[in-house]
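The structure appears right after this line, and notes come after that.
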Amino acid sequence: MKKIATVLSALLIAATPFAGQATPDDDLEAFRSYYVKQFPEVPMNDFVNGVYALDAASREQWEEFEEFPSYEIAIDNGEEKFHNKFANGKSYVSCFPQYKKGIKQNYPYFDIDSGKVVTLESAINKCRSDNGEKPLKWKKGAIADISAYIASLSRGHKINIKVPNNAKAIAAYNRGKKHFYAKRGQLNMACADCHYHYAGSKIRADILSPALGHTSGFPVYRNKWAGMGTLHRRYAGCNKQVRAKPFKAQSDEYKALEYFHTYMSNGLEINGPSQRK
Amino acid sequence: MRLIARILTTTASIVALIGCLGFTPTIANADGAKNLAKGKELAFNRKKGNCLACHQIKGGTLAGNIGPPLLAMKARFPSYDKLRAQIYDARTNNPNTIMIPFGPHAVMSDKEIDLVAKYIHTL
Numbered sequence: 000m001k002k003i004a005t006v007l008s009a010l011l012i013a014a015t016p017f018a019g020q021a022t023p024d025d026d027l028e029a030f031r032s033y034y035v036k037q038f039p040e041v042p043m044n045d046f047v048n049g050v051y052a053l054d055a056a057s058r059e060q061w062e063e064f065e066e067f068p069s070y071e072i073a074i075d076n077g078e079e080k081f082h083n084k085f086a087n088g089k090s091y092v093s094c095f096p097q098y099k100k101g102i103k104q105n106y107p108y109f110d111i112d113s114g115k116v117v118t119l120e121s122a123i124n125k126c127r128s129d130n131g132e133k134p135l136k137w138k139k140g141a142i143a144d145i146s147a148y149i150a151s152l153s154r155g156h157k158i159n160i161k162v163p164n165n166a167k168a169i170a171a172y173n174r175g176k177k178h179f180y181a182k183r184g185q186l187n188m189a190c191a192d193c194h195y196h197y198a199g200s201k202i203r204a205d206i207l208s209p210a211l212g213h214t215s216g217f218p219v220y221r222n223k224w225a226g227m228g229t230l231h232r233r234y235a236g237c238n239k240q241v242r243a244k245p246f247k248a249q250s251d252e253y254k255a256l257e258y259f260h261t262y263m264s265n266g267l268e269i270n271g272p273s274q275r276k
Numbered sequence: 000m001r002l003i004a005r006i007l008t009t010t011a012s013i014v015a016l017i018g019c020l021g022f023t024p025t026i027a028n029a030d031g032a033k034n035l036a037k038g039k040e041l042a043f044n045r046k047k048g049n050c051l052a053c054h055q056i057k058g059g060t061l062a063g064n065i066g067p068p069l070l071a072m073k074a075r076f077p078s079y080d081k082l083r084a085q086i087y088d089a090r091t092n093n094p095n096t097i098m099i100p101f102g103p104h105a106v107m108s109d110k111e112i113d114l115v116a117k118y119i120h121t122l
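Protein chains in written order, with numbering that gives the first Met the number 0: chain E, 0 to 276; chain V, 0 to 122.
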């Protein structure tokens, strides 16, 4: 009897997503095959286009937008800012020497020395503070423009996030995973409810995009915002929709979420910035 | 003074009589219709039930399709109490449901949930 109980609880532990047995690789495999099964007609790399990968009608409208995209001006602004000299005579180039080759696909990464997840936006502001400049606001404006410029140079590169075999890195990954699957807010919904279990369904008039590929198009120009926004701006919006208190942009919580969320899209191509309604 | 008193008692007995003759149910029906309208309003209200986010309901536009369409409810829920329980806290039937735990999370009051459940039961 006791043996059966042990076997049962072992099975239960294996079935829960947070038990720690599943490696990031196992997670990625399971995550991906779920969407492939749900949307067999969608080519893998088309998942980077969010809801437009699923719905022909909205895709047509979106393709028209993409012909004269509103983010074009953000890329131009970002380029200018990126090359402007700081007071000390240096520019962002000194912090991102590889920018021309495309670097967005490597963010976020885990920095073993500081024990922290480094997102592209946090690296942009670190570059500023290292050079004696004041940090930019996190969710929109100049930081989104610079991020858009860097992303535009990274288009076509495959997302390549690594979770090193380091306790803190694994903890950050698991924290993000937990955020993704945990119910929250007065409305008690998880990211996974909307973007995993019911991806492709309609919530009111909106089709829910798959979480696979989600991060590749950021930052985005959103008509609803009438401007650019970073991924963490979107996280806050989705937290608020379920009446949860959003975390601060670039908080450890959202960095961890971005780490997990982007890892799940490994191998898909960067196509940011993009246009969204 | 006495005249007024007499008129008053007569009126009172007429009212009582009307009551006995079965006019009260009419009044209750009017209340009932009002409550159903209130229930519908709460069900459609985005800040309250917002049921249309996930369910098609007759008379509602731009409905989502996360949950099943709400129709033939008396066939699916012969028991009103079971229907109310589903709306109060859908987790009792499906612990992982995406449906909002309207009662325990105080998205609607008990009274509001009654109104919504009574309206839904008529669909």
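By construction, the Cβ of each residue, glycine as well, lies at the ideal position given by its N, Cα and C atoms. These numbers were taken from a predicted model, which means no experiment stands behind them.
Per the coordinates, the alpha-carbon of V:Q55 lies some 7 Å from the alpha-carbon of V:P67.
Linking V:T60 to V:C53 through their CA atoms gives a straight-line distance of about 12 Å. CA-CA distance, E:N164 to E:P107, rounds to 16 Å. Of E:G88, E:H194, E:K161 and E:K176, the smallest CA-CA separation from V:I97 is found for E:H194. At a beta-carbon threshold of 7 Å, the residues of chain E lying near V:A52 are I202 and R203, ordered along the chain. Between E:I145 and E:G88, the C-beta spacing is not below 8 Å.
By the criterion of a C-beta distance shorter than 7 Å, E:A243 is surrounded in its chain by R183 and G184, once the five residues flanking it on both sides are discounted.
By the criterion of a C-beta distance shorter than 6 Å, E:F81 is surrounded in its chain by Y91, I145 and Y148, once the five residues flanking it on both sides are discounted. What E:Q185 touches in chain V, judged by beta-carbon distance under 7 Å, is H104 and V106, going in chain order. V:K117 is positioned such that its CB atom lies no closer than 8 Å to that of V:L41.
A direct Cα-to-Cα measurement between E:Y180 and E:Y197 gives close to 13 Å. Two segments are said to touch when three or more pairs of C-beta atoms, one from each, lie closer than 8 Å; by this definition the segment 39-48 of chain E touches the segment 201-217 of chain E. If you draw a straight line from the Cα of E:V219 to the Cα of E:I269, it comes to about 12 Å. E:D110 sits in a strand when the DSSP states are folded into three classes. Proximity of V:P100 to chain E, defined by a Cβ-Cβ separation below 8 Å, is satisfied. Using a Cβ-Cβ cut-off of 8 Å, E:H196 is close to I97 of chain V, given in chain order. Straight-line spacing of the CA atoms in V:L51 and V:L69 works out to 10 Å. Counting only residues of its own chain and dropping the five nearest sequence neighbours on each side, E:V241 has a CB closer than 6 Å to the CB of G184, L186 and M188.
In the DSSP annotation of this structure, the continuous segment of the alpha helix (DSSP H) that includes E:Y258 starts and ends at D251 to Y262. The DSSP assignment places complete alpha helix (DSSP H) segments of no fewer than 4 residues inside the segment 60-136 of chain E at 71-82 and 119-129, in order along the chain.
Against chain V, the CB of E:D54 has no partner CB under 8 Å away; the residue lies outside that interface. Among the CB atoms of chain V, one or more fall inside 8 Å of the CB of E:M188.
Taking the C-beta atoms as reference points, E:P23 is found nearer than 8 Å to E:Y172. A straight-line Cα-Cα distance of about 31 Å links E:K247 and E:K100. For E:A166, the closest C-alpha among the options E:N124, E:F109, E:R127 and E:M43 is that of E:F109.
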